[in-house]
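Reading through the structure tokens given below for one structure.
In the numbering used here, the protein residues as written are 5 to 429.
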């Protein structure tokens, strides 16, 4: 006579099984053939630019560019997104993307605690946590940024790897992103004195081990809650992307599981901290690029309050010596190489005008929001939580609310939202 398994064992098995969806996820279609011309062009650009940066600015910027190339490859192959993950969570309750975020955040937090807690750096850098003030700017900025993500179709890192892979509509998003960041830098005086409390880093109060432990417990709770929500709402599965057959081919020609992307991104992001002393960031480079364009057109961004004090050296230095510019450019080139290998690099034509308007508007909102909040989904959310900063948790919570608002605006621009009745989301 067989006996039922203990309740504890049943719960453990249930916890480790995939969260339910309304139908099984379809098999991934086979990857198209390698696109040789884009592959050769993007590879030559990567090699030439790395050689130039290394010779003109030294090993440290050269390594940062290489890390950016790796980030672009990992982002593309895993299609690791923040915009789509929050959209699927809010619209239909699919928490698979959010759980991938939790893995990325937890692994990054572990590596950050080891590096910052021990003061380990290279090239003379001293790793420091990423923390922002807790105030009105953080609340408004993260909300506005999240609305912009849903209109623009991508987050900060997603915009870069989508542009690199040839998605023409996201070029509009990037243009708006640069414009919004530059506008916020120009009008720095309007928002720099918004009410705020000083940054709170948990390690300052409970040590790095305590900070890490609290972060891991919070992330575990998020995973459990997201599984419970998904089990109750039974959403459609996420759509598969083309992938090569065989383990070795899949590494080079993807797609990668989200978990693999999360682990790769956490290691590469920790590499940025190790090399530069600062966490991986994205959007401050957009303000720099836009300000340099203003200067090239005869303006004087060096007189703006934003570029005074600690930021003055960034504007006066070379773009290809700027940490975030190097990793941003590397992401776009790395994604181009990965997309060409995967056979999916293409320039989309005939972007609907409403989609283009939404992309530009979304980019502008993200550019402004990132400056108000002191960072984006990478510099404020990922780096903040991984550093044990309360600002990162606030950014993420408010971004969920902004996602809800952004979903209600998407239909005005002809953009669809996932529905429970969809075959995939």
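All residues carry an ideal CB built from backbone N, CA and C; glycine is no exception. Predicted model only: the values in this text are computed from it and were never measured.
Check	Outcome
The region 151-165 in contact with the region 354-365 per 3-pair CB rule at 8 Å	yes
Bridge partner(s) assigned by DSSP for residue 201	138
Residue from 105, 72, 214, 75 with nearest C-alpha to residue 118	214
Neighbourhood of residue 61 by C-beta distance below 8 Å, restricted to the same chain and skipping five residues each side	322, 324, 325
Contacting residues, own chain, Cβ-Cβ under 6 Å from residue 97 (five flanking each side not counted)	233, 234, 237, 239
First through last residue of the alpha helix (DSSP H) which encompasses residue 341	327-345
Length of the line joining the Cα atoms of residue 142 and residue 332	23 Å
Distance between residue 302 and residue 181 (C-alpha atoms, nearest Å)	21 Å
Beta bridge counterpart(s) of residue 393 as assigned by DSSP	205
Cβ contact check for the region 282-298 and the region 76-89: 3 or more pairs under 8 Å	no
Among 314, 334, 95, 242, nearest to residue 55 - alpha-carbon criterion	334
Neighbourhood of residue 94 by C-beta distance below 8 Å, restricted to the same chain and skipping five residues each side	404, 407, 408, 411
Through-space distance from residue 109 to residue 102, alpha-carbon basis	10 Å
Residue 366 versus residue 158: straight-line alpha-carbon distance, rounded	9 Å
Span of the alpha helix (DSSP H), counted from its first residue to its last, around residue 92	87-96
Cβ-Cβ separation, residue 258 to residue 270 (assumed contact under 8 Å), whole Å	About 18 Å separates the two Cβ atoms, so there is no contact after all.
Cβ-based neighbour list, residue 47, same chain, cut-off 7 Å, excluding 5 preceding and 5 following	341
Unbroken alpha helix (DSSP H) run spanning residue 304, endpoints	Counting along the chain, residue 304 falls outside any alpha helix (DSSP H), and DSSP gives it neither H nor E.
Rounded C-alpha distance that separates residue 25 from residue 100	10 Å
Residue span of the alpha helix (DSSP H) that contains residue 375, given as start and end	357-377
Unbroken alpha helix (DSSP H) run spanning residue 254, endpoints	251-257
Contact between the region 376-388 and the region 158-170 (3+ Cβ pairs under 8 Å)	yes
Pick from 255, 133, 176, 292 that is closest to residue 203, judged by C-alpha positions	133
C-alpha gap between residue 30 and residue 241, whole angstroms	8 Å
Rounded separation between residue 277 and residue 327 - CA only	10 Å
Residue 82, DSSP secondary structure in three states	helix
Span of the alpha helix (DSSP H), counted from its first residue to its last, around residue 51	40-61
Beta-carbon contacts of residue 329 that lie in its chain and below 8 Å, excluding the five residues immediately before and after	289, 292, 293, 323
Distance, residue 391 Cα to residue 120 Cα	9 Å
Cross-strand partners of residue 247 (DSSP beta bridge)	34
Neighbourhood of residue 65 by C-beta, 6 Å cutoff - its chain only, sequence neighbours within 5 removed	57, 325, 330
Helix, strand or coil at residue 238 according to DSSP, with G and I counted as helix	coil
Counted within 10 angstroms of its Cβ, other Cβ atoms place residue 375 as buried (16 or more) or exposed	buried
Member of 207, 338, 307, 144 whose CA lies at the smallest distance from the CA of residue 135	207
Cα-Cα separation, residue 199 to residue 261	42 Å
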